[in-house]
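Those protein sequence lines, which keep their order, are chains V and R. In terms of the working numbering, the first sequence opens at residue 355 and continues consecutively. In terms of the working numbering, the second sequence opens at residue 355 and continues consecutively. The structure appears below as structure tokens.
There are 2 protein chains.
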Amino acid sequence: MPLKADLDAIDWKILRELQNDGRMTNVELSSRVGISAPPCLRRVRRLEEAGIIRGYRALLNAPALGMDVVAFCLIGLHHQADAELKTFAERTRGWPIVRDAWMVSGESDFLLHCVASDLGTFQTFVIEELASAPNVDTVRTALTIRRVKDEGLVAFPS
Amino acid sequence: MPLKADLDAIDWKILRELQNDGRMTNVELSSRVGISAPPCLRRVRRLEEAGIIRGYRALLNAPALGMDVVAFCLIGLHHQADAELKTFAERTRGWPIVRDAWMVSGESDFLLHCVASDLGTFQTFVIEELASAPNVDTVRTALTIRRVKDEGLVAFPS
DNA sequence: CAAAATCGCGAAAGATTCTTGCGCGAAAGC
DNA sequence: GCTTTCGCGCAAGAATCTTTCGCGATTTTG
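What follows is the structure, given as structure tokens:
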């Protein structure tokens, strides 16, 4: 997984198209980026094997699936030594309510993206699991009202 | 897009599999969920048309693509009337550095998920665009150190 | 500067997958 | 108990995937 890949314009087009529609067929993709199907498939495979494409994911509608609460939690720890950070990181992986988690620098040490079926479930999680976990100092929560923008991780020109 | 769908066990399996690998072929998917290909494809189409599957996305490796800075920004506005919230939400859509944005309740009004090529670019954005945008009161930033957990939005049992 | 090597594209073909139509059986409603 | 409804799975044709191979262009090397 090279940290800096040399990609040409067609590779960038492929990445943009697959970020927008990861289930597009290879012939459709090849047509959009302007080459024929075989080399297009080879490029996609190469991008996957190089780790530039980390995977593919269906985007699910959380409220339609009974997940009405989406929130972010900013966590401050008492001690930020490497071992403590790893311990808390490991703990987040055991909490199904936490969907994504980031170690951050700034006023907090971790940022958690949480999804729960209802407010009670989320509050119980925050109080009984999060805030009472070892080494947790502060927990600030931000309940989401609505998603305002939702694009892929990487910006493409045009 | 019904806010509460009635899904059976097979539908849930489909959603779980496609959240984990959105590019899986339909025959592979049908084999994993235990039905034959045609009804499996019909179910996927139904989930897509119902808006339960909102789309598919390739997950890209940001640092490998020269995007070394991932950060979150918490924005507080001076005035939180509906019009002002909509105005700021619209503004976030014009900033390519902002990849996802949420309107939130709590100490801040918006949470922005930002990606930039380097720290200078990000800092320039924060100072010259974000903090100096109309109606912006406070900007708190959290630079990410590393991603600690990365799963789909919806949790599935087992 | 020319020869050789490397690289990636695209045509062709066989294997796989997608997609539709249809018959069947089970569950629900009258 | 009969009818209707619903969803599964078989089968077949269409589309797609995937490999192989030859060609041309660019780069490297002598």
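All C-beta atoms in this analysis are idealised placements derived from N, C-alpha and C, irrespective of residue type, glycine included.
- In this chain, the alpha helix (DSSP H) harbouring ILE364 of chain R covers 363-374.
- A check of alpha carbon separations from PHE442 of chain R across R:VAL424, R:ALA470, R:ASP463 identifies R:ASP463 as the nearest.
- Note on geometry: alpha-carbon atoms of ASP454 of chain R and VAL480 of chain V lie some 24 Å from one another.
- At a cut-off of 8 Å between beta-carbon atoms, ASN489 of chain V makes no contact with chain R.
- Across the region 437-462 of chain V, CB contacts with chain R closer than 8 Å involve ALA443, THR446, ARG447, PRO450, ILE451, VAL452, ARG453, ASP454, ALA455, TRP456, MET457, VAL458, SER459, GLY460, GLU461, SER462, in sequence order along the chain.
- In the displayed model, THR379 of chain R falls within coil according to three-state DSSP, outside both helix and strand.
- Counting only Cβ-Cβ distances below 8 Å, ASN415 of chain R has contacts in chain V at MET355, GLY405, ILE406, ILE407, ARG408, in chain order.
- At a C-beta separation below 9 Å, GLY430 of chain R has no neighbours in chain V, since its nearest C-beta there lies roughly 11 Å away.
- For VAL452 of chain R, no alpha helix (DSSP H) run applies; the uninterrupted beta strand (DSSP E) run containing it begins and ends at 452-459, by DSSP.
- Of all residues in the region 359-390 of chain R, the ones placed with a Cβ closer than 7 Å to any Cβ belonging to chain V are ALA359, LEU369, LEU372, GLN373, ASP375, GLY376, ARG377, in chain order.
- Cα atoms of ASN489 of chain V and ARG501 of chain R: separation of roughly 20 Å, rounded to the nearest angstrom.
- Note on HIS467 of chain R: 16 or more other CB atoms within 10 angstroms of its CB, so buried under the neighbour-count rule.
- Within chain R, no residue has its CB atom less than 7 Å from the CB of PHE476 of chain V, the nearest being about 13 Å off.
- Along the region 494-508 of chain V, going in chain order, the ones with a CB nearer than 9 Å to a CB of chain R are ARG494, THR495, ALA496, LEU497, THR498, ILE499, ARG500, ARG501, VAL502, LYS503, ASP504, GLU505, GLY506, LEU507, VAL508.
- Using a Cβ-Cβ cut-off of 8 Å, ALA435 of chain R is close to nothing in chain V; its nearest Cβ partner there is about 14 Å away.
- In the three-state reduction of the DSSP assignment, ALA485 of chain R falls in the coil class, being assigned neither a helical nor a strand state.
- Rounded to the nearest angstrom, the gap between the Cα atoms of MET457 of chain V and LEU473 of chain R is 17 Å.
- A distance below 8 Å separates the beta carbons of VAL508 of chain V and LEU414 of chain R.
- When Cβ-Cβ separations below 8 Å define contact, PHE479 of chain V makes no contact with chain R.
- With fewer than 16 other Cβ atoms from the protein chains shown falling within 10 Å of its own Cβ, THR379 of chain V counts as exposed.
- For VAL452 of chain V, the CB contacts under 6 Å within the same chain, skipping 5 residues up- and downstream, are THR446, LEU466, CYS468 in chain order.
- Around the Cβ of SER486 of chain R, a 10 Å sphere holds fewer than 16 other Cβ atoms; the residue is exposed.
- Distances from the alpha-carbon of ILE429 of chain R to those of R:ALA404, R:GLU461, R:GLY376, R:VAL398 put R:GLU461 closest.
- For VAL508 of chain V, the secondary structure class from DSSP, reduced to helix, strand or coil, is coil.
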